[in-house]
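*Asks:* First residue of the sequence shown: 11, per my numbering; consecutive thereafter. We put the CB at the ideal spot given by N, CA and C, even for glycine. For clarity, every value in this text was computed on a predicted model and none was experimentally measured. For reference, the structure I am asking about is given below.
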Amino acid sequence: MIAQTAEPQGLRAKKKQQNRENISHQATLLFLERGFDKVTIADVAAAAQVAKMTVTNYFPRKEDLALDLGEVFVDQLARTVREREPGESALAALRRAYLTAAAEQDPVVGFSGPAFAEMITGSPALVARLREFHDDREAALARTLAEETGAAPDDITPRVAAAQLGGVHRVLFDETMRRTLAGGSNDEIAAALTGYITVAFDALEPGLGNYAVR
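Written out as structure tokens, the structure is:
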């Protein structure tokens, strides 16, 4: 009975993920072709061959169709801290993760290509939504740091640390976007970013080097 129940659930989950990816893919193609502000939800629904309600069920906000990695982005720093190695501080874990992301040219840290970068920066709505994601990511990190360090409710240290760590990630993300828009290749940007990561995280080392050590 368990196996018979699990299979349909797995198939449904797979189909939902496929639908989500199809809608996001079709939306991205339209956004890149016409510009984000000139595409409607109805246009996306028609391209994906689904109902408008289906689109909004998967993506309640139009901006999230373009920034479909938003959930991953928001949880990225908190997850890295939760999964840090024994003896590793939050700062060290986040430094290590960013170096890896830069080497892999991960889209989540800004390696999106010039067309996508232009689409985002050309739309005030997308710029605002991306700012919200940065803010939400910092808040998620602060909550995780508080949990991991057993901080008291009135202890502002987790929020201060999250503001510093989140700020570094925001600066590095913006630098990646800036270089992308300036015509730099992903390889060139990744090489430059490696040096910036070292400078940025070294600046936080005196205050956070021994904070939130597992």
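Distance check for residue 137 and residue 83, CA to CA, integer angstroms please.
*Replies:* Position 73 of the sequence shown, counting from 1, holds the residue named residue 83. Position 127 of the sequence shown, counting from 1, holds the residue named residue 137. If you take the alpha carbons of residue 83 and residue 137, they lie about 15 Å apart.
*Asks:* Compute the Euclidean distance between the alpha carbons of residue 135 and residue 79, then round it to the nearest angstrom.
*Replies:* Position 125 of the sequence shown, counted from the start, is the residue given in the question as residue 135. Position 69 of the sequence shown, counted from the start, is the residue given in the question as residue 79. Approximately 16 Å between the Cα atoms of the pair.
*Asks:* Would you tell me roughly how many angstroms separate the C-alpha atoms of residue 148 and residue 172, rounded to the nearest one?
*Replies:* Taking the first residue of the sequence shown as position 1, residue 148 is located at position 138. Taking the first residue of the sequence shown as position 1, residue 172 is located at position 162. If I take the Cα positions, the gap works out to 6 Å.
*Asks:* To which residues of the same chain is residue 193 closer than 8 Å at the C-beta, ignoring the five residues directly before and after it?
*Replies:* What you label residue 193 is simply residue 183 of the sequence shown in a count that begins at 1. Excluding sequence neighbours, residue 193 sits near 124.
*Asks:* Going by beta carbon distance, what residues of the same chain come within less than 7 Å of residue 128, once the five residues before and after it are set aside?
*Replies:* By 1-based counting over the sequence shown, the position of residue 128 is 118. Contacts found: 191.
*Asks:* Specify whether the region 104-119 and the region 44-51 touch according to this definition: at least 3 beta carbon pairs, one from each stretch, less than 8 Å apart.
*Replies:* At 8 Å Cβ cutoff, the stretches do not touch.
*Asks:* Is the beta carbon of residue 5 sitting closer than 8 Å to the one on residue 210?
*Replies:* For residue 5 there is no data in the structure shown, the boundaries of the chain being 11 and 224.
*Asks:* I need the DSSP call for residue 98, collapsed to helix, strand or coil.
*Replies:* In the sequence shown, counting from the first residue as 1, residue 98 sits at position 88. In this structure, residue 98 counts as coil in the three-state DSSP scheme.
*Asks:* Expressed to the nearest angstrom, what Euclidean distance is found between the alpha-carbon atoms of residue 25 and residue 204?
*Replies:* Within the sequence shown, the letter at position 15 stands for residue 25. Within the sequence shown, the letter at position 194 stands for residue 204. Cα to Cα, the separation comes out at about 39 Å.
*Asks:* Going by CA-CA distance only, name the one from 28, 30, 54 and 27 that's closest to residue 39.
*Replies:* Start at 1 with the first residue of the sequence shown, and residue 39 comes out as number 29. Of the listed residues, the one whose Cα sits closest to residue 39 is 54.
*Asks:* If I follow the unbroken alpha helix (DSSP H) through residue 194, where does it start and stop?
*Replies:* Against the sequence shown, residue 194 aligns to sequence position 184. Residue 194 -> no alpha helix (DSSP H), and no H or E assigned at all.
*Asks:* Let's see if you can read the secondary structure: which residues bound the alpha helix (DSSP H) around residue 72?
*Replies:* Mapped onto the sequence shown, residue 72 falls at position 62. Taken as a continuous stretch (DSSP letters only), the alpha helix (DSSP H) holding residue 72 covers 72-76.
*Asks:* Buried or exposed for residue 15, please, with buried defined as at least 16 other CB atoms from any protein chain shown within 10 angstroms of its CB.
*Replies:* Numbered from its first residue, the sequence shown carries residue 15 at position 5. A caution first: residue 15 carries a pLDDT of 49, below 50, which makes its placement in the model unreliable, though a value can still be read off. Exposed.
*Asks:* Tell me which residue opens and which closes the alpha helix (DSSP H) that residue 61 is part of.
*Replies:* Translated into positions along the sequence shown, residue 61 becomes position 51. Taken as a continuous stretch (DSSP letters only), residue 61 belongs to no alpha helix (DSSP H), as it is neither H nor E.
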